[in-house]
Structures are given as structure tokens and as C-alpha cells.
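Here's the structure, in C-alpha cells; my notes come after.
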Amino acid sequence: MPLLVEKIAEGTVIDHIRAGAGNRVLQVLSASYPLSKMAALIINAPSKKFGRKDIVKIEGVFIDEKTANRIALISPTATLNIIRKSKVADKHHVVMPRALSGLLKCPNPKCITNFERAETTFTHVDNDHLRCRHCERLFAPEELT
Ligand code: ZN
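Be aware that the sequence shown starts at 18, since it is given in our numbering, and climbs by one per residue.
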């Protein structure tokens, strides 16, 4: 059954978001862009690949690389569909960057980055683990915001 959700004319559809992570993707977007136009969050949509998935549709926003990296952290399976004139003009996967600098706070209270003005850097170990370059502890993407 097709989903009865309004089509967008110009903007981005973020598809194949891990089920349950759509809300966090929307939070990341609202932190980076003024969500003044139509946006839709669809949760638990059926997916052939994953069983269930979340989808975010956002009118008038084209996502930059930094925001795409943050989305990759929340859901490495996400795909970005760039919509122009109501059609998919471009489609690509988000890519978890090898290293993220200055974007996230280290959750380890003893980490030096929480005392000094050192920029945090997290290296990508796999889709479920990132390592702080300073204290070398491993964290799940959910722990880092
Ligand atoms: Zn640390």
C-alpha cells in the first residue's frame, strides 16, 4: 500500500533510516536548518531490505556534508534523495567518515577534551563503534551527540 504522504517539490528525502532513528535524524536537521517549510517523519515503513525503516521528507533543504556525516552516525544505512521539480534528481548513500573532528563531545568525564579546549576527534571503527582519539575509549554512535 503506498504511503499517503504529500510529495515534495524541492528538497530531500532521507530514506532507509534505521527504524526508530528517524526522530534523531529530524533533530539533527532542525539543529542545522530552519525548518520553516513542510517536513514529514514516517516511522516503521515497510522495507524489503530491513523489515522496517523510517523516512524523513524535508522541503526546501539540501543537506551539506557535515549534516550528512551526522546522519551517517545515527543511521549508516540512510540514503539521500535529492528532489528537484518533484522528481528524484540525485540519490546517494550517506558515508560514515573515517574521522569526525570538532563535532561531538566525549562522554568520558575523565577525557582531557572535557577539561582543555582540545578539539575532539572520533575515528570510525565500524558502524557500531567510534573511538575517541584522546582517551581511546570506544563509544556507540547513540552515546555521542
Ligand atoms: Zn575521550
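We treat Cβ as the ideally placed atom computed from N, Cα and C, and that holds for glycine.
Note that the coordinates shown come from a computational prediction; the quantities given were computed from them, not determined experimentally.
In this structure, does DSSP put residue i in helix, strand or coil?
i: SER103; result: coil
i: ILE11; result: Absent from the structure is residue 11, since the part of the chain shown begins at 18 and ends at 162.
i: VAL42; result: helix
i: LYS66; result: coil
i: CYS49; result: According to the sequence shown, residue 49 is Ser rather than Cys. Note: SER49 maps to helix in three-state DSSP.
i: ILE25; result: coil
i: ASN131; result: helix
i: CYS149; result: strand
i: ASN125; result: coil
i: ILE88; result: helix
i: LYS74; result: strand
How should residue i be labelled, buried or exposed, when 16 other C-beta atoms within 10 angstroms of its C-beta is the threshold for buried?
i: PRO1; result: Residue numbering for the chain in the displayed model covers 18 to 162; residue 1 lies beyond these limits and cannot be assessed.
i: LEU155; result: exposed
i: ASP107; result: exposed
i: VAL78; result: buried
i: SER103; result: exposed
i: VAL73; result: buried
i: ARG101; result: exposed
i: ILE185; result: What the structure shows of the chain is the stretch from 18 to 162, and residue 185 is not part of that stretch, so it cannot be assessed.
i: ASP32; result: buried
i: GLY68; result: exposed
i: GLY119; result: exposed
Can you tell me the Cβ-Cβ gap for residue i and residue j, rounded? I've got them flagged as a contact below 8 Å.
i: ALA38; j: ILE99; result: That belief does not hold up - the Cβ atoms of ALA38 and ILE99 are roughly 21 Å apart, past 8 Å.
i: ASP71; j: ILE60; result: 5 Å
i: THR94; j: ARG148; result: Contact flag wrong, Cβ pair sits at about 21 Å.
i: ASN86; j: LEU43; result: That pair is no contact at about 16 Å.
i: CYS123; j: HIS151; result: 7 Å
i: LEU174; j: PHE132; result: There is simply no residue 174 to check, as the chain begins at 18 and stops at 162 in what is shown.
key: Residues near the ligand ZN, criterion Cβ-heavy atom distance below 5 Å   = CYS123, ASN125, CYS128, CYS149, HIS151 and CYS152
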